[in-house]
Every structure is written in structure tokens, then in C-alpha cells.
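Sequence lines, in order, name chains A and B. The first sequence begins at 777 in the working numbering and counts up by one. The second sequence begins at 777 in the working numbering and counts up by one. Taking it in order: structure first as C-alpha cells, then the write-up.
Protein chains: 2
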Amino acid sequence: MRFHRHACITRDGGLTHERRRIVNAIPTVYDVAERSGVSIATVSRVYRSPDSVRAATRERVLAAASELGYVPSGNARGLASRSTGVLGLCFPDYSDPDTVGAEDDDAAMLYSDQIIRGMERAARRHGYALLIAASLAGGPESLVAQVAGRVDGFAVMARTVPTEELEAISRRRPVVMLAGPRAQDPSLDHLDHVEVANEDGQYELTRHLVHDHGLRRLAYVGLVDDSPDVEARFRGFRRACVEAGVEAGVEASVAPALRMPMMTQAEGARAARLLCEGSGERPEAFVFANDQMAVGALQELERRGLRVPDDVVVTGFDGIPLSRMVRPALTTVRQPMVRMGEEAVDLLVQRLSGRPPQEPVSLMLPVSVARRASCGCEETTVLPTVV
Amino acid sequence: MRFHRHACITRDGGLTHERRRIVNAIPTVYDVAERSGVSIATVSRVYRSPDSVRAATRERVLAAASELGYVPSGNARGLASRSTGVLGLCFPDYSDPDTVGAEDDDAAMLYSDQIIRGMERAARRHGYALLIAASLAGGPESLVAQVAGRVDGFAVMARTVPTEELEAISRRRPVVMLAGPRAQDPSLDHLDHVEVANEDGQYELTRHLVHDHGLRRLAYVGLVDDSPDVEARFRGFRRACVEAGVEAGVEASVAPALRMPMMTQAEGARAARLLCEGSGERPEAFVFANDQMAVGALQELERRGLRVPDDVVVTGFDGIPLSRMVRPALTTVRQPMVRMGEEAVDLLVQRLSGRPPQEPVSLMLPVSVARRASCGCEETTVLPTVV
DNA sequence: GTGAAAGCGCTAACAG
DNA sequence: CTGTTAGCGCTTTCAC
Chain A
777 MRFHRHACIT RDGGLTHERR RIVNAIPTVY DVAERSGVSI ATVSRVYRSP DSVRAATRER
837 VLAAASELGY VPSGNARGLA SRSTGVLGLC FPDYSDPDTV GAEDDDAAML YSDQIIRGME
897 RAARRHGYAL LIAASLAGGP ESLVAQVAGR VDGFAVMART VPTEELEAIS RRRPVVMLAG
957 PRAQDPSLDH LDHVEVANED GQYELTRHLV HDHGLRRLAY VGLVDDSPDV EARFRGFRRA
1017 CVEAGVEAGV EASVAPALRM PMMTQAEGAR AARLLCEGSG ERPEAFVFAN DQMAVGALQE
1077 LERRGLRVPD DVVVTGFDGI PLSRMVRPAL TTVRQPMVRM GEEAVDLLVQ RLSGRPPQEP
1137 VSLMLPVSVA RRASCGCEET TVLPTVV
Chain B
777 MRFHRHACIT RDGGLTHERR RIVNAIPTVY DVAERSGVSI ATVSRVYRSP DSVRAATRER
837 VLAAASELGY VPSGNARGLA SRSTGVLGLC FPDYSDPDTV GAEDDDAAML YSDQIIRGME
897 RAARRHGYAL LIAASLAGGP ESLVAQVAGR VDGFAVMART VPTEELEAIS RRRPVVMLAG
957 PRAQDPSLDH LDHVEVANED GQYELTRHLV HDHGLRRLAY VGLVDDSPDV EARFRGFRRA
1017 CVEAGVEAGV EASVAPALRM PMMTQAEGAR AARLLCEGSG ERPEAFVFAN DQMAVGALQE
1077 LERRGLRVPD DVVVTGFDGI PLSRMVRPAL TTVRQPMVRM GEEAVDLLVQ RLSGRPPQEP
1137 VSLMLPVSVA RRASCGCEET TVLPTVV
């Protein structure tokens, strides 16, 4: 038989509560119940379904709770009700030993920041809080496992959680994958998935360069081997080139030297240098797989006295705020990251709502090409019209 | 007597586990224990203190856990161990009905973003995850209460949580206040506190304008009534003015019209308009209480054909990324927001470490004045050297 | 090194 | 509308 507080009083002469008060311990339902002269069930009801309690009783309980400084234990609640009211997000650990405290690091994190923002906003709308953690080394006691064990639903950015761990987690709770390709692995093909139209976006942008600006020699920079997103972008680039009959440029563009390992501004600058000093003719356009690199290239080109877009066209991908701020403003493909976070939450909430479980959902969010000055579509102004 | 799983087996003919497996329910310690032929205590030990279990046993347990897809329940853990491994943050709800989806909203949130980033990073270092929630309407079932009941420690941005609620929370768990003034309220004076040197920063900046640039007519914009941070900045501004003997300018600057309710770009533009069209002589410098407004003013001034800094000097406060991107780059006071988040976590972790409880700590983080083009200290370049 | 058993604080039937 | 009671899944003494 469990010794409830009531039993304790009989058992140890009622000292329990005295001691509690003296050491200023954390008040529980039992304390509130006793102080307001009701049962713990009623205290619970006051919080869970206030309308099911008579107004006078409710007042009394609330008063006692307030006097005691009572805050319900989320753990006990979660354990008893089998739900936490918390959604989780696991994102890549961007902390780069080389860039501790550097601004570049800041920019790199914008991607996760936006997703966090979107998820937080949507979660709030549904009454959920958001638990976030960067993925670190795995293992039984990893932060990821910690988080996974405390949430009702879990969003995971691509390649941040090992397949096996993810499989276990998804057995417990709904999981949605963010970015990356739809999991091919059969053990994960039941997961919902949200991605952006990487290939189509890069295709549209490239087509714009080839078709509208008449460019023929394009170089693509940023084919990181293990990033499916970048792979998809490259496919889009290639498709547009092939359609326009500019294959040669394509082949030249995937020289190993241009597989940037980090996709940082520094790497973008390096790529621009290589492209300018290369043996063959300089490409007419540098097509970067992200904005970071493109911005780095912009700087390198300025250093070399080359004008953008007159001497060479530069484009990025992502549509980070910075892309609009640099001069010339960067032509790029805008990804709706905030919306991605929101969609992820909506998907999770839907699964949690207990409606008839449906087939795994895979959303592909549309992107939009922002035609700005760096491809020659917009005048270069001195002061950006922000807002 | 509690019916443990063992008892259940006797009780219902061992169906419990069968059913569990069939409905693919969430595996628990009991399942892992049974499958690996040990007691639940041992399963627990494998996770909590692996070294206290014989290697062979450990392997067996881990294997079973993996086959079952076992993930420990954070709730049960937290309840039993009285700690969650999670820190919380409550920040203001910036969502403005007027700016849904607008870019301005984005910029406004940068402040919280940075703090989130700092806290996440520091929390991770200490093995904690971060639970975040914007403050909404209070009440017993508010998100804030939800969060407070699930964390080991709680950081709260100024004026996001009602005093009474905060008092209750701080009785349970360590709380650190971010920004704002040190709580004057005696019920909250035991809280740790982290702020930045608002007054000194604005003083330095103003002194720079008066002393180094010889400006005499300064207008201050942004005295929101209930923001202690802005109040402090204004005090710094006034002190510098008084010291330099330019009181008149000060008085004029606090006209009610210039008490901006929102501190947005739009408001900054409006303030610039008022200042330009005002009856008296136009001030030589517009000193804004944040970067947002200053950027708005920059745009309004360009619209009116006024050159910055030649015709009028403009300064901001915060040092958001945008301040460096606009042309002319904004002279401003940089606040170390990321560091603020990190300090908050360090403070919480220290309190949680169980060391001899010390006096409440109040940190005032130093700021630095970024002298850029908008006050005439730096050349206006076309392409910002980002990085 | 391992097991048995007592809760952690709350929710959710189920009675009344 | 309110009280009783049996757990939720795990950690943690205390024995062996």
C-alpha cells in the first residue's frame, strides 16, 4: 500500500508537512489540497478542467495554491497523462571550432534560427512549448535521447540523428524530418517529411540566367558530397543547362576543387578566386549553392576589381536576410524556412490529435526566385529599402 | 500493493506483454528487463551509472533496449530523480498582428534569437536542453507555468512574467532575470540578474557625438514609458548632454511625440519626419534608442534627400546585424546578447550545482560603441566587408 | 553486482 | 460536484 500524505500524518505524527514548510520545500497537490480542505483530485481538476469544479471551491483552491506558491510538476503530469505539451526540435551542431565567436557562425545558424522561430510560433498557437537541442555525439545518454524522451512530437533536421536512434524514437512519438530527401531507408519511411523545392528552385534560377540573360558559361559551386539538398540543387542547375544546350559549362563546373567542404563565406571567396584564376575562360556566371558563399564571392570579386553583374553574374540560394543587404543585392532562391517550421508543427499536431492515422505525408514547399541586382535584374541602390 | 508488471503476469495470464508487443506500444524498463533477464533496477543502472553493472550484463541490456526501441521516459525520470536536465527561457511575444509575415517582425525577434542561441550553446555545454516559450496571457494553465513546471532552471526576459507568478516559480527553481533593471520588488530580490550597460553605452555614444564630432543639437527618440532599458539609455544620453552643456537639445528631444510606442522601422521613419518638419531648427543628430528605428529614419532621410552623416547624424542601439548592412552603416552600441544567454545559463547551472548558496548575483555586461559611417567615422563603401 | 520495494506528484476512472 | 484509489515509468535505498 502506498503511503499517501494522509497516511504519513498518522505514521510520523504529522511531521511531514511541518518539515516541508520549514525547509521551504516545493509544494505539491497534497499541500494545496490540505490547505484548501479538498482532495487532491479536486486540486487537479481546478487546473485541468476548471468548469467541473464549483466556483467557490475553485477560488479556495487557487487561493491556497497562490499562497503556497504551487506550480504543478510537469513531470508528474506527463507521467500520469502520458503527454507533455512539448514538441522537440533537433538541429545540426554548427559550432565550428574555427569560428568561435565569429560572425560567420552567426550567419550559418540563421537557417536553424528561422526554423526554431517558425516552430515556436506554430507550437504556441497550438498550446505547445518547444524543446530544442543541437545534435551532439549519440549514445544512450545523448541530448537527443534526453529530448526525445520528454516530448509529444519531434522534428529532426536532416542528418542530425542516426537512423537507428530515430527509428526507436519514431516508435514512441510522431517524428517529422526537415529538409534532406525523403528517407529512403524502409525503417524510416513512415515518417512525415517537409522539404523545399531545391531542384526546381535552382532550375528556375538557372533558366533565368540562361534564357533571360543569355549566359552560356556557368559555373556551379557547392556540391558537398553528403548534402542531399545541395545535390538536388545541382540537379536543377544541370537540368536547366542541358535543356539550354550548355553542357560544357556544366561539366567544367563540378571540378573537385569546387566541392566546397563548408559552404562558408571564406570558401565562397576561395571559389571565386579559383574560378577567376583558372586556366580556361572565366565563366560568365558563378552559381552558388548558398548565399554565404555567394556573399564571400562578391567580396573577392570586388577586391579583384571585377564588377557584378557587368563582368560576372553571381547568384546564391537560401534568401537569408544578408542576401538582400549586400551590394549588389544577391539574386537568390528564397527558402521558406519559417514556414517549414510551422508546417512541421502542424504535421506533428495533426498526428497527435488522434485522428485516423493516415499515410505518411511528404510536403515539398515551393521556393521563389528573388531576381535582384547581382544578375542584372535590379538597379544597385545605395540604401536598401528594408521593410 | 502496486501491481508491478510481474504481478500483472500472474494476474492476467501474461497477456500484458503480448498485447504490448502487438499494439506496438511504448517499451518501458519492464520490457527491457524481462527481455534481458534482469531486474528493472539493473536496466536503470545501465543508463545512470554504467560502470556499476558488469560488462556482460550491460551488453545484454543494451541489446534488448535496442531491439525493443527503448527510450527512457523523461517524465518518469524527472519525477523519480527530481530533475529534468532542461533549462527554460521565457521571452516576450513579439508577434504583432499588424506585421504578420512582415520582415520587420523578423528583425524585432533578432534580440530573442540571439539570447536563445547563447543559452542553447551554453546549455549544451553543460548537458542541458533548452525549453523555450513566448509569454502569452498568464493564468494557471499558461505556457509559462507549463514550462516552469518542467525545468531545472528558468531564465526570464524582463517584463514577460507577472511578479506573483515569478515569485512562485522562483520558490521552486532558480530563476535568472534577463535585461531590465534589477528587480526592485522585495519578493524578487533574491533572483540572479543579467543586464547590459545601457546607460554607460548610450553615454559613451553621445559623448562621442558631442565631444569628437562637436554636435550640439541632439534629439533622442524612443523613450517608451515602461521599458527600463530605454530609460537607462536615455539617462546616459542626458548625462552626456548635461556634462557638455547642451541641455536645451535634451529637453526638446523628449517631446511626447517622440515617445515611440513600438520602436519599429516605421516609427523610426515617422520620428525622422517629425524631427525634420518640426517648428524649430532641425537637430544635428538623431539619437535612436534602437537600431530598428534608426534604420527606418535612414530611409526616410534618403527619401527627403538629406545626406547622412553630412546633413544629419543618425545613431542606433543594439548592434543587430542589419545595422552593419545598411548604407551608411549605422553607428550604434553593440549589446552582447549571445553572451547574455550564456551568462544566464552559467548562473543557473551554478545554482543547480548545489554549491553553498550565495548572495544573488547581478551581472552588468559591458557594451561597446561601434563607430561607423552614420556619424561620420567611417567611409561609406559600396560593399560591406561582412565576415 | 544485483534485486525488491517504496515512492516521486499527478491524472483518470469510478463511485457516490 | 467531489473523494478514493490505482497506477504512469523510473530512481533509489536497502538487503543480499
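Here a beta-carbon is modelled for each residue, glycine too, at the ideal position from N, C-alpha and C.
Restricting to runs no shorter than 3 residues, where is the beta strand (DSSP E) found entirely within the segment 935–989 of chain A?
If we require 3 residues or more, the beta strand (DSSP E) runs fully inside the segment 935–989 of chain A come out as 951–954, 968–972.
At a cut of 8 Å, does the segment 1101–1121 of chain B reach the segment 934–943 of chain B through at least three beta carbon pairs?
no
Just to confirm, is the Cβ distance from Asp965 of chain A to Val862 of chain A under 8 Å?
For the purposes of this step, residue 965 of chain A is taken as residue 189 along the first sequence, with counting starting at 1. For the purposes of this step, residue 862 of chain A is taken as residue 86 along the first sequence, with counting starting at 1. Judged by beta-carbon spacing, Val862 of chain A lies beyond the 8 Å limit of Asp965 of chain A, meaning their Cβ atoms are not closer than that value.
So what does DSSP say about Thr1091 of chain A, is it helix, strand or coil?
Along the first sequence, read from residue 1 onward, the residue named residue 1091 of chain A stands at position 315. If DSSP states are grouped into helix, strand and coil, Thr1091 of chain A belongs with the strands.
Apart from the five residues just before and just after Tyr904 of chain B, which ones in its own chain have a Cβ nearer than 7 Å to its Cβ?
Against the second sequence, residue 904 of chain B aligns to sequence position 128. Gly861, Val862, Leu863, listed in sequence order.
Please look up how many angstroms separate the CB atoms of Leu994 of chain B and Pro938 of chain B, rounded, as I've assumed it's under 8 Å.
Position 218 of the second sequence, counted from the start, is the residue given in the question as residue 994 of chain B. Position 162 of the second sequence, counted from the start, is the residue given in the question as residue 938 of chain B. With 8 Å as the limit, Leu994 of chain B and Pro938 of chain B do not qualify as a contact, their Cβ atoms being about 37 Å apart.
How about His984 of chain B and Leu1139 of chain B: are their beta carbons less than 8 Å apart?
Your numbering for residue 984 of chain B matches position 208 in the second sequence. Your numbering for residue 1139 of chain B matches position 363 in the second sequence. It is not a contact, given that the beta carbons lie outside the stated cut-off.
Boundaries (first-last residue) of the alpha helix (DSSP H) holding Ile816 of chain A:
Here the question's residue 816 of chain A lines up with position 40 in the first sequence. Run containing Ile816 of chain A: 816–824, per the alpha helix (DSSP H) assignment.
Gln922 of chain A burial status per 10 Å Cβ neighbour count (16 or more: buried):
In the first sequence, residue 922 of chain A corresponds to position 146, counting from 1. So Gln922 of chain A counts as buried.
Helix, strand or coil for Ile892 of chain B? Go by DSSP, reduced to three states.
Here residue 892 of chain B refers to the residue found at position 116 of the second sequence. DSSP places Ile892 of chain B in helix when its eight states are reduced to three.
Range covered by the alpha helix (DSSP H) that runs through Cys1052 of chain A
Numbered from its first residue, the first sequence carries residue 1052 of chain A at position 276. Run containing Cys1052 of chain A: 1041–1053, per the alpha helix (DSSP H) assignment.
In the DSSP assignment, what are the bridge partners of Met1140 of chain B?
Start at 1 with the first residue of the second sequence, and residue 1140 of chain B comes out as number 364. DSSP lists B:Glu971 as partners of Met1140 of chain B.
So with Cβ pairs under 8 Å, would you call Gln922 of chain B a contact of chain A?
Here the question's residue 922 of chain B lines up with position 146 in the second sequence. Yes, Gln922 of chain B counts as interfacial toward chain A.
Have a look at Met953 of chain A and Ser1129 of chain A and give me their C-alpha separation to the nearest angstrom.
Here the question's residue 953 of chain A lines up with position 177 in the first sequence. Here the question's residue 1129 of chain A lines up with position 353 in the first sequence. Distance between the alpha carbons of Met953 of chain A and Ser1129 of chain A: 19 Å.
Would DSSP call Leu866 of chain B helix, strand or coil?
Position 90 of the second sequence, counting from 1, holds the residue named residue 866 of chain B. The amino acid occupying residue 866 of chain B in the given sequence is Cys; Leu does not appear at that position. In this structure, Cys866 of chain B counts as strand in the three-state DSSP scheme.
Excluding the 5 residues preceding and the 5 following Pro873 of chain A in the sequence, name in chain order all residues of the same chain whose CB lies nearer than 8 Å to its CB.
Position 97 of the first sequence, counted from the first residue, corresponds to residue 873 of chain A. Low confidence applies here, because Pro873 of chain A scores a pLDDT of 38, under 50, leaving its location unreliable and the question unanswered by this model.
Can you tell me whether DSSP reads Thr1108 of chain A as helix, strand or coil?
Taking the first sequence and counting its residues from 1, one reaches residue 1108 of chain A at position 332. Thr1108 of chain A: strand per DSSP, three-state reduction.
Determine the DSSP secondary structure at Val920 of chain B, reduced to helix, strand or coil.
Position 144 of the second sequence holds residue 920 of chain B. DSSP places Val920 of chain B in helix when its eight states are reduced to three.
Looking at chain A, is there any beta carbon in it that lies within less than 8 Å of the beta carbon of Thr860 of chain B?
Stepping through the second sequence from its first residue, residue 860 of chain B is reached at position 84. Chain A, which has a Cβ nearer than 8 Å to the Cβ of Thr860 of chain B, makes this yes.
Counting contacts by CB-CB distance shorter than 8 Å, is Ala1149 of chain A in contact with chain B?
On the first sequence, residue 1149 of chain A is found 373 positions in, with the first residue counted as 1. So, not an interface residue.
Looking only at its own chain, which residues have a Cβ that is under 7 Å from the Cβ of Gly1044 of chain A, when we skip the five neighbours before and after it?
Along the first sequence, one-based indexing puts residue 1044 of chain A at 268. Excluding sequence neighbours, Gly1044 of chain A sits near Phe1064, Gln1068, Met1069, Ala1070, Val1071, Gly1072, Ala1073.
Taking a Cβ distance cut-off of 8 Å, strictly less, list which residues of the segment 956–982 of chain A are near chain B, in chain order.
none
Is it the case that the CB of Ser1055 of chain A approaches a heavy atom of the ligand PLP more closely than 7 Å?
The ligand PLP is absent from the structure shown, which contains no ligands of any kind.
Would a check of beta-carbon distances place Ile892 of chain A closer than 8 Å to chain B?
For the purposes of this step, residue 892 of chain A is taken as the residue at position 116 of the first sequence. Judged by the 8 Å Cβ criterion, Ile892 of chain A is in contact with chain B.
Tell me which residues share the same chain as Met734 of chain A and place their Cβ nearer than 7 Å to its Cβ, disregarding the 5 neighbours each side in the sequence.
Outside the shown range of chain A, which is 777 to 1163, sits residue 734 of chain A, and nothing can be said about it.
Collapsed DSSP secondary structure at Gly1130 of chain A in the structure displayed:
Position 354 of the first sequence, counted from the start, is the residue given in the question as residue 1130 of chain A. Gly1130 of chain A: coil per DSSP, three-state reduction.
Continuous beta strand (DSSP E) stretch holding Tyr996 of chain B: start and end
Stepping through the second sequence from its first residue, residue 996 of chain B is reached at position 220. Segment 994–997, the beta strand (DSSP E) holding Tyr996 of chain B.
Any contact of the segment 802–816 of chain B with the segment 832–841 of chain B, i.e. 3+ C-beta pairs under 8 Å?
yes
Kindly identify the DSSP beta-bridge partner or partners of Phe1062 of chain A.
Counting from one through the first sequence, the residue named residue 1062 of chain A turns up at place 286. A:Ala995, A:Val1090.
Status (buried if at least 16 other CB within 10 Å, exposed otherwise) for Ser911 of chain B
Numbered from 1 along the second sequence, position 135 holds the residue referred to as residue 911 of chain B. Counting Cβ neighbours within 10 Å, Ser911 of chain B comes out buried, since at least 16 surround it.
Cβ pair Arg949 of chain B, Phe930 of chain B closer than 8 Å:
As a working note, residue 949 of chain B is residue 173 in the second sequence. As a working note, residue 930 of chain B is residue 154 in the second sequence. Against a cut-off of 8 Å, the Cβ pair of Phe930 of chain B and Arg949 of chain B comes out as a contact.
Output the distance between the C-alpha atoms of His780 of chain B and Val819 of chain B, rounded to the nearest integer angstrom.
As a working note, residue 780 of chain B is residue 4 in the second sequence. As a working note, residue 819 of chain B is residue 43 in the second sequence. Note that His780 of chain B has pLDDT 44, beneath the 50 cutoff, so the model's placement of it is unreliable and no number is given.
Exposed unless 16 or more other CB atoms sit within 10 angstroms - verdict on Ala841 of chain B
Along the second sequence, one-based indexing puts residue 841 of chain B at 65. With 16 or more Cβ atoms within 10 Å of its Cβ, Ala841 of chain B is classed as buried.
What residues in its chain sit with their C-beta under 7 Å from that of Val726 of chain B, if we drop five residues either side in the sequence?
With chain B running from 777 to 1163 in the structure shown, residue 726 of chain B is simply not present.
Which residues does DSSP pair with Ala1146 of chain A in a beta bridge?
By one-based count along the first sequence, residue 1146 of chain A stands at place 370. Answer by DSSP bridge pairing, in chain order: A:Thr1108.
Using a threshold of 8 Å, state whether the C-beta atoms of Leu855 of chain B and Leu855 of chain A are closer than that.
Against the second sequence, residue 855 of chain B aligns to sequence position 79. Against the first sequence, residue 855 of chain A aligns to sequence position 79. For Leu855 of chain B and Leu855 of chain A, yes; Cβs fall inside 8 Å.
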